[in-house]
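Residue numbers (my numbering): 34 to 166.
A virtual CB, placed ideally from N, CA and C, is assigned to each residue, including glycine.
This report concerns only the one structure given below.
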Amino acid sequence: MSPKLDRTLTRKHDLEVGYFYFYKNFVISEIKEGMSITFENATEMLRLAKTYFGNTTPFVYISNRKNSYSFNPTAHFKTTQMFPNIKGFAAVVYDDMNRDIAEMEQSFLNVPVNIFTHLDKAIDWAEEIIVMD
């Protein structure tokens, strides 16, 4: 039997831009409806991620896209540089438009990326990525 990730929620944070659920080796984001995400207004979330994962704890970022929001995908360049320990990025989408956006985002990330329609499948994939590392 292969090793499994600890799926116990460490802590939920309700920030101005959205909800962030931190686990030992992954974080799930749910951005609030209508938000326009910038590198600047994501600073608090990035600070939290640095607190939980530092530069050495491997983790996967899971974007649970329940709501409609906007952001500049080039910000991915900055965030992946800040986190040498990020091992993957998953987008959970619920419609074709968000799938198209997630597919376009793949070109801005230098880590494995996958798109899902169910959150539990994204968590399973995160587990595979972390355990393989």
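Counting only runs that start and end within the stretch 83-123, where is the alpha helix (DSSP H) found for 4 or more residues in a row? 108-115
What residue from Ile119, Glu136, Asn131 and Asp129 has the CA that sits closest to Val144's CA? Working through the sequence shown from its first residue, we reach residue 144 at position 111. Out of Ile119, Glu136, Asn131 and Asp129, Ile119 has the C-alpha closest to the C-alpha of Val144.
Can you name the start and end residues of the alpha helix (DSSP H) that Arg132 belongs to? Taking the sequence shown and counting its residues from 1, one reaches residue 132 at position 99. Arg132 -> alpha helix (DSSP H) spans Asp129 to Glu138.
Length of the line joining the Cα atoms of Asn100 and Met165: Here residue 100 refers to the residue found at position 67 when the sequence shown is read from its first residue. Here residue 165 refers to the residue found at position 132 when the sequence shown is read from its first residue. Roughly 31 Å separates the two Cα atoms.
Identify, in the order they occur along the chain, each residue of the same chain with its Cβ nearer than 6 Å to the Cβ of Lys57, setting aside the five sequence neighbours on each side. In the sequence shown, the residue the question calls residue 57 occupies position 24. Contacts found: Asp39.
Just curious, the alpha helix (DSSP H) that Lys154 is in, first and last residue? Sequence index remark: in the sequence shown, residue 154 carries index 121 (1-based). Taken as a continuous stretch (DSSP letters only), the alpha helix (DSSP H) holding Lys154 covers Leu152 to Met165.
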